[in-house]
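Chemist: Quick one: structure below, then a few questions.
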Amino acid sequence: MSEATKFIIDDFPAGELPASVRRNIDPTHRVRITVEEIPEQADKEPRYLRYWGAASHLGTTTEEAVARIRALRDEWD
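Residue numbers (the numbering used here): 1 to 77.
As structure tokens, then:
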């Protein structure tokens, strides 16, 4: 995995920036720019996805799971 690259330009004319980046900064002003590469996250996935389908190998359909849960809930009524 490569290291993320980051560099800073301390004194840059705002007028040379694209309007989408500059937004409402006066083009006659000077700005500081920080550029940081976002590292690629190849095998990282959100935590909840680790458990997504954890019991799917049991062959339980959504309807079957809902029916079991409702039956358990109804036992308490």
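We put the beta carbon where it would ideally sit given N, CA and C, even for glycine.
Pick helix, strand or coil for residue 28, following the three-state DSSP scheme.
Modeler: DSSP places residue 28 in coil when its eight states are reduced to three.
Chemist: Determine the direct distance from the alpha carbon of residue 31 to that of residue 105, and round the result to whole angstroms.
Modeler: The question about residue 105 has no answer here: the residues shown for the chain are numbered 1 through 77.
Chemist: Would you tell me roughly how many angstroms separate the C-alpha atoms of residue 73 and residue 64, rounded to the nearest one?
Modeler: 14 Å
Chemist: Under the three-state reduction of DSSP, which class applies to residue 37: helix, strand or coil?
Modeler: coil
Chemist: From the DSSP secondary-structure annotation, give me the bridge partner or partners of residue 8.
Modeler: Per the DSSP secondary-structure output, residue 8 pairs in a beta bridge with 34.
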